[in-house]
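Residue numbering for the sequence shown follows UniProt numbering, beginning at 1 and increasing consecutively. Where a beta carbon is used, it is the ideal one built from N, C-alpha and C, also for glycine. No experiment lies behind these values; they were computed from the predicted model shown. The block underneath contains the structure these notes are about, expressed in structure tokens.
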Amino acid sequence: MQDPFVHAKQILKTLEQNGHKAYIVGGAVRDQFLDREIGDIDITTSAIPNEVQSLFEKVIPVGIEHGTVVVRYKNESYEVTTFRVEGNYTDFRHPDHVTFVDRIEDDLARRDFTINAMAMDINNHIIDPFDGQVDINSKVIRTVGNPDDRFQEDPLRMLRALRFSSQLGFSIETTTQASLMKNIHWVEQLATERVGIEIQKLFAGDFFQSVVSVLFLTKVSRYLPVLKENDHLFDVIKHIKEPLLDISEIIAVFHIAKPEIPIETWVSQWKLSNKTKGDIKNLVGASQQYRESKLTNWLVYTLPEHLIDGFVRIIDVHMAVKLDSSKIMIVKQSLPIQKRQDLAINGQELVQLFPDRKKGPWINQYFFQLEKDVVDGKVQNQKIELSEWIMKWNRPGSI
Ligand code: ATP
Ligand code: MG
1 MQDPFVHAKQ
11 ILKTLEQNGH
21 KAYIVGGAVR
31 DQFLDREIGD
41 IDITTSAIPN
51 EVQSLFEKVI
61 PVGIEHGTVV
71 VRYKNESYEV
81 TTFRVEGNYT
91 DFRHPDHVTF
101 VDRIEDDLAR
111 RDFTINAMAM
121 DINNHIIDPF
131 DGQVDINSKV
141 IRTVGNPDDR
151 FQEDPLRMLR
161 ALRFSSQLGF
171 SIETTTQASL
181 MKNIHWVEQL
191 ATERVGIEIQ
201 KLFAGDFFQS
211 VVSVLFLTKV
221 SRYLPVLKEN
231 DHLFDVIKHI
241 KEPLLDISEI
251 IAVFHIAKPE
261 IPIETWVSQW
271 KLSNKTKGDI
281 KNLVGASQQY
291 RESKLTNWLV
301 YTLPEHLIDG
311 FVRIIDVHMA
321 VKLDSSKIMI
331 VKQSLPIQKR
341 QDLAINGQEL
351 VQLFPDRKKG
361 PWINQYFFQL
371 EKDVVDGKVQ
381 NQKIELSEWI
391 MKWNRPGSI
């Protein structure tokens, strides 16, 4: 098998040839031990950002003040961060200051969990001062150092502990978990965007079901936007059997469980994008349609392709019905039209059918009805058929 780190090692080599120390670090080292697919490869080095910048052709200075630059190499990005220790996280976002250091061990000591605090050199030699390999073998998540200190320093680490537990199927080591329960309230202080990213990863973890009991034990929902004001709403997660892969699915599940809370409230309190808001609305709309009339052609037509899998998961959570995504996809592809523009009649042609009428909202209503009738197979998508069909709708208020 090819070494997944061949390209990254070229970067290590360049750094070393110029007198610096350099290692692959964090998630990539952990995932290699776990035989998991390796995501981003992070590199840590004794070189300061200016030195890194001078050594590589394509460098993006993403966070120089924190010691991080991105090196582009063979179409991949590598975060290259200078060995550093961190000050406090007064704003709950970034450390107030970072100090560059010479020793890899000091850099590893600022990392969150023992399994994330290992480094590997160019010869595959592992530096593991906190026994991360032991914890990988016994499948536990344990903070580097005193958990109370580490969680208070950056409360996001508590959510990270939960999400690694969900992603890896690891349990949280007893002292770490006791501390997590004691300090969980600090989560409320965190920037919502940081929380959202971890929550999304938490729900998407392969072992989500096995962390559900810990989520209730730690009472984390009391410190999350919207959920904190709605006592039993979090109970709905007990019905999640398969991981939810996107924040839109998670919010749709909660909204359907308590429709009194408007989608807008979720979107603003979780600081979600307009795209996510659109996805939530589509998922909720499709779920309502399914509840009322099962899988109609109209539901399949109005459900965007990228949301089919999410819709299937939501129906499973709320109705304990397992739909088949690929069948929905086949139905979708075999519909007479995929979008309004596929109708065999255009706006100008429609208006010409009613020369006496002024343009207005009726045009949109007519198109909507046409889409529906074509999708439902009531009329063929041919210009003549559609024109005759429309003429039958005699008066404007009749549809
Ligand atoms: P993933 O597979 O999700 O990317 P990862 O372990 O690589 O997991 P990242 O968020 O990419 O996680 O962070 C890279 C490394 O930086 C971590 O492995 C850890 O060593 C360190 N790290 C990240 N966030 C924190 C934090 N809040 N506190 C301390 N160390 C952190
Ligand atoms: Mg990573």
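Practice task
Please find out if some non-hydrogen atom of the ligand ATP comes closer than 7 Å to the beta-carbon of glycine 67.
Solution key: The nearest non-hydrogen atom of the ligand ATP is 7 Å or more from the C-beta of glycine 67.
Handout entry: C-beta contact flag for isoleucine 184 and lysine 241 at 8 Å
Key = No, the pair does not count as a contact, with Cβ atoms beyond the cut-off.
Exercise for the section: Could you tell me how far apart the beta carbons of alanine 119 and threonine 82 are, in whole angstroms, since I believe they sit closer than 8 Å? Expected result: Distance from alanine 119 to threonine 82 at the Cβ level is roughly 14 Å; contact not present, criterion being Cβ atoms closer than 8 Å.
Handout entry: Extent of the continuous beta strand (DSSP E) to which arginine 84 belongs
Key = Where arginine 84 is concerned, the enclosing beta strand (DSSP E) stretches over 84-86.
Handout entry: Host alpha helix (DSSP H) of phenylalanine 368 (start-end)
Key = Taken as a continuous stretch (DSSP letters only), the alpha helix (DSSP H) holding phenylalanine 368 covers 361-375.
Handout entry: Own chain partners of leucine 343 with C-beta closer than 8 Å, once the 5 adjacent residues on each side are dropped
Key = Excluding its 5 nearest sequence neighbours in each direction, leucine 343 has C-beta neighbours in its own chain below 8 Å: Ile337, Phe367, Leu370, Glu371, Val374, Asn381 and Leu386, listed in chain order.
Problem - Per-residue burial, alanine 28 [other beta carbons within 10 Å of its own, 16 or more giving buried] - result: Buried, since its Cβ has 16 or more Cβ neighbours within 10 Å.
Handout entry: Those runs of the alpha helix (DSSP H) which lie wholly inside the UniProt domain "Poly A polymerase head" (22-142) and span at least 4 residues
Key = 27-33, 49-55, 104-109 and 132-137, all fully within the UniProt domain "Poly A polymerase head" (22-142).
Handout entry: Closer than 7 Å: glycine 63 CB and nearest the ligand MG heavy atom
Key = Set against 7 Å, the gap from the CB of glycine 63 to the closest heavy atom of the ligand MG is not smaller.
Handout entry: Check: glycine 145 C-beta below 7 Å from any heavy atom of the ligand ATP
Key = Taking the Cβ of glycine 145 as the reference point, every heavy atom of the ligand ATP lies at 7 Å or farther away.
Practice task
Report the rounded CA-to-CA distance for glutamate 105 versus arginine 222, giving the unit in angstroms.
Solution key: Cα to Cα, the separation comes out at about 37 Å.
Handout entry: Segment limits, alpha helix (DSSP H) that includes glycine 285
Key = Its alpha helix (DSSP H) spans residues 274-293.
Practice task
Indicate whether glutamate 16 and alanine 22 have their beta-carbon atoms separated by less than 8 Å.
Solution key: Against a cut-off of 8 Å, the Cβ pair of alanine 22 and glutamate 16 comes out as a contact.
Handout entry: Selection from Met319, Tyr301, Pro304 and Thr302 that minimises the alpha carbon distance to arginine 291
Key = Comparing alpha carbon positions, the residue from Met319, Tyr301, Pro304 and Thr302 closest to arginine 291 is Met319.
Problem - As assigned by DSSP and simplified to three states, the class of serine 171 - result: Reduced to three states, the DSSP call for serine 171 is strand.
Problem - Where the alpha helix (DSSP H) containing valine 212 begins and where it ends - result: It spans 208-218 - the alpha helix (DSSP H) in which valine 212 sits, taken as one unbroken run.
Practice task
Note down, in chain order, each residue of its chain lying with its Cβ closer than 8 Å to the Cβ of arginine 160, except the 5 sequence neighbours on either side.
Solution key: Once the five neighbours on either side are set aside, the close Cβ partners of arginine 160 are Asp112, Phe113 and Glu198.
Practice task
Look at isoleucine 172 and lysine 13 and say whether their C-beta atoms are less than 8 Å apart.
Solution key: If you check the CB distance, isoleucine 172 and lysine 13 do not come in under 8 Å.
Handout entry: Option nearest tryptophan 298 by Cα separation, candidates Lys378, Ile315, Asp356 and Thr45
Key = Minimum Cα distance to tryptophan 298 is reached at Lys378.
Handout entry: Sub-8 Å separation of asparagine 116 and arginine 194 beta-carbons
Key = Not closer than 8 Å, so no.
Exercise for the section: Check whether the Cβ of glycine 205 lies closer than 7 Å to any heavy atom of the ligand MG, and answer yes or no. Expected result: Flag unset: Cβ of glycine 205 not near the ligand MG.
Handout entry: Cβ neighbours of proline 225 in the same chain (closer than 7 Å, five flanking residues each side left out)
Key = Excluding sequence neighbours, proline 225 sits near Thr192, Gln269 and Trp270.
Exercise for the section: Can you tell me which of the three DSSP states proline 262 falls into? Expected result: In the three-state reduction of the DSSP assignment, proline 262 falls in the coil class.
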